[in-house]
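A.B. asks: Structure in structure tokens, see below.
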DNA sequence: CAGCTGACGCCAT
DNA sequence: TATGGCGCCAGCT
């Protein structure tokens with residue numbers, strides 16, 4: 027592959043609307059089931075306005091783990107709005123039901 | 001070349 | 001369900 031990031035980005039772009047994928051699944055598809063951290067790093071490397079639907083990428087808890095920054099809060103809110111618009115339901119804790127929206 | 005960091009996952013409690 | 005500890009890989013300084 028051109029690079030782990032490129033592969034990860036490719037996978038994220040392939041996530042269908044209304045569904046979400048976890049870092050672990052992406053890492054596994056990328057060829058490194060243990061590289062979940064690297065996947066997160068790849069997500070962070072995505073420039074704003076890119077075609078990568080990063081909002082469809084969530085962690086094993088079903089939510090985004092951005093750092094505790096105001097920017098992070100903004101992205102997290104935006105992510106929730108987009109996913110809701112795509113038909114993804116959020117629990118009261120702000121989490122997504124991976125059993126229902128997560129890709130098998 | 002070596003060490004550190006990071007949008008994490010899994011297991012144990 | 002929540003919290004803490006350990007390990008994982010890739011990229012940057």
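Residue numbers (this note's numbering): 27 to 130.
All residues carry an ideal CB built from backbone N, CA and C; glycine is no exception.
#1: What do you get for residue 124, buried or exposed, if any count of 16 or more other CB atoms within 10 angstroms of its CB means buried?
#2: Cβ of residue 49 within 8 Å of Cβ of residue 38?
#3: How close, in whole Å, do the beta carbons of residue 92 and residue 102 come, if the pair is a contact with beta carbons under 8 Å?
#4: I need the DSSP call for residue 38, collapsed to helix, strand or coil.
#5: Comparing alpha-carbon positions, which option in 108, 98, 128 and 90 lies nearest residue 119?
#6: Would you list the one or two residues that DSSP bridges to residue 47?
#7: Near residue 80, which residues of its chain fall below 6 Å by C-beta distance, leaving aside the five closest residues on each side in sequence?
#8: In terms of DSSP beta bridges, what is residue 128 paired with?
#9: Taking only the alpha-carbon atoms, compute the straight-line gap between residue 58 and residue 97 and give it to the nearest angstrom.
#10: Are residue 44 and residue 112 closer than 8 Å when you measure CB to CB?
C.D. replies: According to the structure data:
#1: Stepping through the first chain from its first residue, residue 124 is reached at position 98. Residue 124 is buried by the Cβ-count criterion.
#2: The residue given as residue 49 occupies position 23 in the first chain. The residue given as residue 38 occupies position 12 in the first chain. Going by C-beta atoms, residue 49 is not nearer than 8 Å to residue 38.
#3: Position 66 of the first chain, counting from 1, holds the residue named residue 92. Position 76 of the first chain, counting from 1, holds the residue named residue 102. The C-beta distance from residue 92 to residue 102 rounds to 6 Å, short enough to meet the 8 Å contact threshold.
#4: One-based indexing of the first chain puts residue 38 at position 12. Here residue 38 sits in helix by DSSP.
#5: Sequence index remark: in the first chain, residue 119 carries index 93 (1-based). The shortest Cα separation from residue 119 among 108, 98, 128 and 90 belongs to 90.
#6: Working through the first chain from its first residue, we reach residue 47 at position 21. According to DSSP, which records beta bridges pairwise, residue 47 is partnered with 83.
#7: Counted from its first residue, the first chain places residue 80 at position 54. Excluding residues within five positions, the ones whose Cβ falls inside 6 Å are 69 and 72.
#8: Looking up residue 128 in the first chain gives position 102. Looking at the DSSP assignment, residue 128 forms a beta bridge with 46.
#9: Reading the first chain from its first residue, position 32 is the one you call residue 58. Reading the first chain from its first residue, position 71 is the one you call residue 97. Their Cα atoms are separated by approximately 29 Å.
#10: Numbered from 1 along the first chain, position 18 holds the residue referred to as residue 44. Numbered from 1 along the first chain, position 86 holds the residue referred to as residue 112. The criterion of a C-beta distance shorter than 8 Å is satisfied by residue 44 and residue 112.
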